[in-house]
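Right, one structure below, let's go through it.
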Amino acid sequence: MSSMPRFHIITFGCQMNVNDSAWLARSLRARGFEEAERVQDAGIVVINTCSVRDKPEQKVYSQLGRLRSLFDKNAEAFAVVGGCVAQQLGDSLSKRFPFVRLVFGADGAAMAPQAIERLVHEPALSLSLVDFSEEYTERDTLAEKSSDTDVSGTGGQAFVSIMQGCDNFCAYCIVPYVRGRQKSRSAASVIRECQSWVERGVREITLLGQNVNSYGQDEAGRGEPSFAQLLRRVAAIDGLERLRFTTSHPKDIAPEVVEAFGELEALCPSLHLPLQSGSDRVLAAMGRRYDRARYMDVVRRLREVREGMQITTDLMVGFPGETEEDFMQTLEAMEEAGFAQSFSFMYSDRPGVRAARMLDKIPEEVKSQRLAALQELQHGLTTRTLESLVGSETLLLVEGVSKKQPASRRNAQPTAACATEEPGAQDVAQTRAGNAVPEFDGVTSACVRGRDPYGNVVNMRLPEGRDPETIASGSLAKARILMAKKHSLLGELVGEPW
Numbered sequence: 001m002s003s004m005p006r007f008h009i010i011t012f013g014c015q016m017n018v019n020d021s022a023w024l025a026r027s028l029r030a031r032g033f034e035e036a037e038r039v040q041d042a043g044i045v046v047i048n049t050c051s052v053r054d055k056p057e058q059k060v061y062s063q064l065g066r067l068r069s070l071f072d073k074n075a076e077a078f079a080v081v082g083g084c085v086a087q088q089l090g091d092s093l094s095k096r097f098p099f100v101r102l103v104f105g106a107d108g109a110a111m112a113p114q115a116i117e118r119l120v121h122e123p124a125l126s127l128s129l130v131d132f133s134e135e136y137t138e139r140d141t142l143a144e145k146s147s148d149t150d151v152s153g154t155g156g157q158a159f160v161s162i163m164q165g166c167d168n169f170c171a172y173c174i175v176p177y178v179r180g181r182q183k184s185r186s187a188a189s190v191i192r193e194c195q196s197w198v199e200r201g202v203r204e205i206t207l208l209g210q211n212v213n214s215y216g217q218d219e220a221g222r223g224e225p226s227f228a229q230l231l232r233r234v235a236a237i238d239g240l241e242r243l244r245f246t247t248s249h250p251k252d253i254a255p256e257v258v259e260a261f262g263e264l265e266a267l268c269p270s271l272h273l274p275l276q277s278g279s280d281r282v283l284a285a286m287g288r289r290y291d292r293a294r295y296m297d298v299v300r301r302l303r304e305v306r307e308g309m310q311i312t313t314d315l316m317v318g319f320p321g322e323t324e325e326d327f328m329q330t331l332e333a334m335e336e337a338g339f340a341q342s343f344s345f346m347y348s349d350r351p352g353v354r355a356a357r358m359l360d361k362i363p364e365e366v367k368s369q370r371l372a373a374l375q376e377l378q379h380g381l382t383t384r385t386l387e388s389l390v391g392s393e394t395l396l397l398v399e400g401v402s403k404k405q406p407a408s409r410r411n412a413q414p415t416a417a418c419a420t421e422e423p424g425a426q427d428v429a430q431t432r433a434g435n436a437v438p439e440f441d442g443v444t445s446a447c448v449r450g451r452d453p454y455g456n457v458v459n460m461r462l463p464e465g466r467d468p469e470t471i472a473s474g475s476l477a478k479a480r481i482l483m484a485k486k487h488s489l490l491g492e493l494v495g496e497p498w
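Okay, so the sequence shown: first residue is 1 according to full-length UniProt numbering, each after it adds one.
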């Protein structure tokens, strides 16, 4: 090739994968590669995979099958497959699809940009990066040192990984097998990356990990501060307006972390705390190592230290052996916790996990009925939560204009805020869903879209004649909430954004 080929990234999975894809794109651009908006215009197609959702291997096979004609037409073009399915399948992907010349897993992602660059110059080469490392693998900073530092398309938000892997081995979860054992990143590296983002104009940072509350509690993290201490260090960065983290395991959330919600102004008043089931019997079978009382105590303490605290969660129906009584206890727990939102799903087997070998599997019809009942209850809880905000004033972090958006792989918002990659994590398609311009009292208004401190989407009406393009992505704006919709809020601008 006479010049660097263009690349296109397709992302499936949780925010961890979205973040990985964003970093990979920045790193490739820093190396002279150009990004193609359309897959058919690319010479390199990267598929960042997720093994959490049902039949993940088939999803990858289908995607590669659809791309086969692209590579048949261009002998120099090739595919790269990364993420959890790549870790799981390894070299078999390249054997089944010869145009797949690089397979990388969770720990191999750090070397993916260099590997892609090498493949361009060595057309006969294929590589596999699926070995696990014993320590957190730092990624090169070439992307951050380059001129590719524009954060205008980020909505003022950045996601910073603080760890890799998981040591929990829940009965249903494949994450420890495809992302490896827990490895904490050094606090110094985390702080350095957070400071870099804030210096470039980012106002909200989300700390990511499979189980952030166990940060530092592994061999790689020996000598590092606790998660609560890390939160305080990040929150102290001058210019950082908002701080979030995901995902938390209820068994590991320390009193100091709960207290931080009442003491750190930057820490947003919302937490994603996966419950999975309201039945102590099912929780024990899942290997979750907490019971309903412990979970509710955490929720109670969070709301004591932070007024208006919103809790979102993951819920599973149809775990092997789940009885109707177990399911009813989950519904009762939802009411007790008053979840603002939940990400619910039916249990399905994953290769190699303990639950796959359990007997007394629940029929698909029963699982579907339970899921529908759960989601109906959650709809009412979500409606109640959103309606409680009508009439209040809030501060929005502006993401952009409320209108149909162009395709974007990395700016897509996951439907779940979890980075656990437990089955609650929802797929992020490679394109962002369009956001129709909302109507107020039947009149279509010019609006911008932002998120309140809880993470709720708010479409904010502007004064007549105000061009929404004049309000920059990443700016802060005060809004008065006028109306609650099914999954979002409508509001109006109060004062001037800054």
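All C-beta atoms in this analysis are idealised placements derived from N, C-alpha and C, irrespective of residue type, glycine included.
Original post:
When we look at the beta-carbon of residue 398 and count the other beta-carbons within 10 Å, is it buried (16 or more) or exposed?
Top reply: buried
Original post:
Hey, how far is the Cα of residue 103 from the Cα of residue 157?
Top reply: 29 Å
Original post:
On the three-state DSSP scale, how would you describe residue 386?
Top reply: helix
Original post:
Is residue 121 helix, strand or coil when you go by DSSP?
Top reply: helix
Original post:
Would residue 254 pass as a contact of residue 213 if the rule is Cβ separation under 8 Å?
Top reply: yes
Original post:
residue 284 lies in the beta strand (DSSP E); which residues open and close that run?
Top reply: It is not in any beta strand (DSSP E) - residue 284 instead sits in the alpha helix (DSSP H) that spans 280-286.
Subject >> Paired residues, beta bridge with residue 312 - DSSP >> reply: 272, 341
Original post:
Which two residues bound the contiguous alpha helix (DSSP H) that contains residue 299?
Top reply: 292-305
Original post:
Roughly how many whole angstroms lie between the Cα atoms of residue 489 and residue 55?
Top reply: 34 Å
Original post:
Cβ atoms of residue 204 and residue 179: under 8 Å apart, would you say?
Top reply: no
Original post:
Looking at C-alpha atoms only, which residue of 9, 308, 53 is the closest neighbour of residue 316?
Top reply: 53
Subject >> Straight-line gap, residue 248 to residue 274 (C-alpha atoms, nearest Å) >> reply: 7 Å
**OP:** Report the rounded CA-to-CA distance for residue 454 versus residue 267, giving the unit in angstroms.
**Re:** 10 Å
Subject >> Identity of the residues DSSP links to residue 97 by a beta bridge >> reply: In DSSP, residue 97 forms no bridge with anything.
Subject >> C-alpha gap between residue 33 and residue 466, whole angstroms >> reply: 38 Å
**OP:** Check whether the Cβ of residue 38 lies closer than 7 Å to any heavy atom of the ligand FMN, and answer yes or no.
**Re:** Absence of the ligand FMN from the depicted structure is noted, as is the absence of any ligand whatsoever, leaving it without description.
Subject >> Span of the alpha helix (DSSP H) around residue 493 >> reply: Per DSSP, residue 493 belongs to no alpha helix (DSSP H); it is in the beta strand (DSSP E), 489-494.
Original post:
Just how far apart, CA to CA, sit residue 154 and residue 474?
Top reply: 7 Å
Subject >> First and last residue of the uninterrupted beta strand (DSSP E) at residue 399 >> reply: 393-401
**OP:** List the whole-angstrom C-beta distance separating residue 105 from residue 79, where the pair is believed to meet the contact cut-off of C-beta under 8 Å.
**Re:** With a Cβ gap of about 16 Å, residue 105 and residue 79 do not count as contacting.
Original post:
Using the rule of at least 16 other Cβ atoms within 10 Å of the residue's Cβ for burial, across every protein chain shown, is residue 58 buried or exposed?
Top reply: exposed
Original post:
Can you name the start and end residues of the alpha helix (DSSP H) that residue 362 belongs to?
Top reply: Segment: none, residue 362 is in no alpha helix (DSSP H) and carries neither H nor E.
Original post:
Smallest Cα separation from residue 25: which of 9, 17, 485?
Top reply: 9
Original post:
For residue 339 versus residue 312, is the C-beta distance shorter than 8 Å?
Top reply: yes
Subject >> Outcome for residue 125 when other beta-carbon atoms lying within 10 angstroms are tallied against a minimum of 16 >> reply: exposed
Subject >> Exposure label - residue 3; buried when at least 16 CB within 10 Å >> reply: exposed
**OP:** Report back the beta-carbon spacing between residue 343 and residue 277 to the nearest angstrom; my notes put them in contact at under 8 Å.
**Re:** Contact flag wrong, Cβ pair sits at about 14 Å.
Original post:
What first and last residue would you give for the alpha helix (DSSP H) that runs through residue 53?
Top reply: No alpha helix (DSSP H) holds residue 53; DSSP gives it neither H nor E.
Original post:
Per DSSP, which one or two residues make a beta bridge with residue 486?
Top reply: Paired residues: none, contrary to the question.
Subject >> Span of the alpha helix (DSSP H), counted from its first residue to its last, around residue 263 >> reply: 255-263
Subject >> Whole-angstrom C-beta distance between residue 481 and residue 391, which should lie under 8 Å >> reply: 7 Å
Subject >> Coarse secondary structure for residue 33, derived from DSSP in three states >> reply: coil
Subject >> Proximity below 8 Å, CB of residue 43 to CB of residue 98 >> reply: no
Subject >> Bridge partners - residue 163, DSSP secondary structure assignment >> reply: 184
**OP:** Starting from the Cα of residue 21, find the closest Cα among 192, 31, 112, 88 and give me that residue.
**Re:** 112
**OP:** Please classify residue 45: does DSSP put it in a helix, a strand, or coil?
**Re:** strand
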